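Heads up: the structure comes next, in structure tokens.
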Amino acid sequence: MKAKKPRREPRRITKDQYYLNIAKETSRRSTCLRRHYGAVIVSNDQIVSTGYAGAPRKTANCAEVGSCIRIKLNVPKGEHYEWCRAVHAEQNAIIHSARFDMIGATLYLVGTTPDGGEVIEGAEPCRICKRMIINAGITRVVIQTAPGRYKEQRVGDWIKANLHEFRMVRGKMVPVMPKGY
Numbered sequence: 186m187k188a189k190k191p192r193r194e195p196r197r198i199t200k201d202q203y204y205l206n207i208a209k210e211t212s213r214r215s216t217c218l219r220r221h222y223g224a225v226i227v228s229n230d231q232i233v234s235t236g237y238a239g240a241p242r243k244t245a246n247c248a249e250v251g252s253c254i255r256i257k258l259n260v261p262k263g264e265h266y267e268w269c270r271a272v273h274a275e276q277n278a279i280i281h282s283a284r285f286d287m288i289g290a291t292l293y294l295v296g297t298t299p300d301g302g303e304v305i306e307g308a309e310p311c312r313i314c315k316r317m318i319i320n321a322g323i324t325r326v327v328i329q330t331a332p333g334r335y336k337e338q339r340v341g342d343w344i345k346a347n348l349h350e351f352r353m354v355r356g357k358m359v360p361v362m363p364k365g366y
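The sequence shown begins at 186 in the working numbering and counts up by one.
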């Protein structure tokens with residue numbers, strides 16, 4: 186009788202990758218024509234909330250309207266979010282959570298292309314979302330950078346770096362992120 190070979194268990198993904206996979210799946214609900222984002226807030230290994238980029242409840246979204254004002258006006262990434270119909274994924278996840286549940290939590294964020302679901306390299310929370318993340322009490326943000334790859338940001342580092350830096354660009358004062366953000 187031959188001895189059986191020990192069965193090799195499939196390689197387990199990390200908890201960070203597990204929650205990023207959920208955030209990526211959540212991004213598929215996005216209605217933004219430019220980018221699809223999904224967010225998951227996790228505290229003590231429990232999902233507290235999820236969110237995706239989409240128009241406020243009971244309002245038309247860009248997919249329904251068939252156009253995006255920021256695309257029409259060729260607005261660069263990171264500028265004039267006040268013209269956008271969408272509530273960001275991070276914002277939706279935060280507003281659907283009790284602050285008590287977010288204190289010390291981790292927010293997982295994935296941005297994908299609307300046409301194929303490819304991970305967007307260089308995805309970052311915008312300045313408004315960063316302020317909301319700080320006020321929510323979230324302490325860590327994990328962002329997917331490529332399939333199977335991600336970066337971690339400590340919210341305390343954002344606070345130390347001071348998010349209110351400005352620079353003159355084409356005759357206008359515009360906010361800029363400190364180096365490394």
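C-beta: ideal position from N, C-alpha, C; glycine also.
Since the model is a prediction, treat every value here as computed from it, not as a measurement.
1. Nearest to Q276 by alpha carbon, out of Y222, P332, K200 and K336?
2. Once you ignore the five residues that flank S282 on each side, which residues in its own chain have a CB closer than 8 Å to its CB?
3. Using the beta-carbon count (16 or more within 10 Å), is K209 buried or exposed?
4. Could you check which residue in A245, K257, H273 and G356 has the C-alpha nearest to that of C311?
5. Examine the Cβ distances between the region 242-251 and the region 288-297 and report whether three or more of them are shorter than 8 Å.
6. Which runs of the beta strand (DSSP E) spanning at least 3 residues fall entirely within the region 196-274, listed in chain order?
7. Rounded to the nearest angstrom, how far is the Cβ of A240 from that of R270, given a contact under 8 Å?
8. Could you work out which residue in E303, I305, A278 and G356 is closest to I318 when comparing CA atoms only?
9. So, under 8 Å CB-CB, A308 and I323 are touching, yes? Tell me the CB distance rounded to an integer number of Å.
So, from the data block:
1. Y222
2. I226, V233, S234 and A321
3. buried
4. H273
5. No contact exists between the region 242-251 and the region 288-297.
6. Counting only runs of 3 or more, we get 221-228 and 231-237.
7. 5 Å
8. A278
9. About 16 Å; that fails the 8 Å criterion.
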